[in-house]
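Sequential numbering from 9 applies to the sequence shown in my numbering.
Yeah, the Cβ is synthetic: ideal placement off N, Cα and C, and Gly gets one too.
Have a look at the structure below before the remarks.
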Amino acid sequence: NGYAFESMDPDTDGVRDIFRCHFTDGKEHLLLIYTVNLDGSPAAVSERDEVERDVRSFGGTDYYFVTGADDQCVVWVHGNILCSIVCSDPKLDLTAIVRSI
Numbered sequence: 009n010g011y012a013f014e015s016m017d018p019d020t021d022g023v024r025d026i027f028r029c030h031f032t033d034g035k036e037h038l039l040l041i042y043t044v045n046l047d048g049s050p051a052a053v054s055e056r057d058e059v060e061r062d063v064r065s066f067g068g069t070d071y072y073f074v075t076g077a078d079d080q081c082v083v084w085v086h087g088n089i090l091c092s093i094v095c096s097d098p099k100l101d102l103t104a105i106v107r108s109i
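Following this line, the structure appears as structure tokens:
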């Protein structure tokens, strides 16, 4: 609620296609990122030791929720696609967004 589409920024490095979809409510940002392995190889969530993750499963998919100093995000894999949602609004319910996808 309250967020509107701002821009879509596609990119490629020849190995992966990356799609960044930006939304804003005028103050906060919401970013959807899809990274597609062009060779069809399975995507993987990179593990960072210094970041605490809250792993939750919905519909057979593991979702990695991370809250940082400035942003909260959730990352998951669907075949050869690494999916991410990054948000600067700490009040936004990322679980509700994930469940709606």
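Where L46 falls: helix, strand or coil (DSSP): coil
Beta carbon of P3 nearer than 8 Å to that of F31: Because the chain is modelled from 9 through 109, residue 3 falls outside the range shown and cannot be assessed.
Neighbourhood of E83 by C-beta, 6 Å cutoff - its chain only, sequence neighbours within 5 removed: The sequence shown places Val at residue 83, not Glu. V53, Y72, S92.
Inter-residue spacing [alpha-carbon to alpha-carbon] between P98 and N88: 29 Å
6 Å CB neighbourhood of C29 in its chain, flanking five on each side removed: M16, L40
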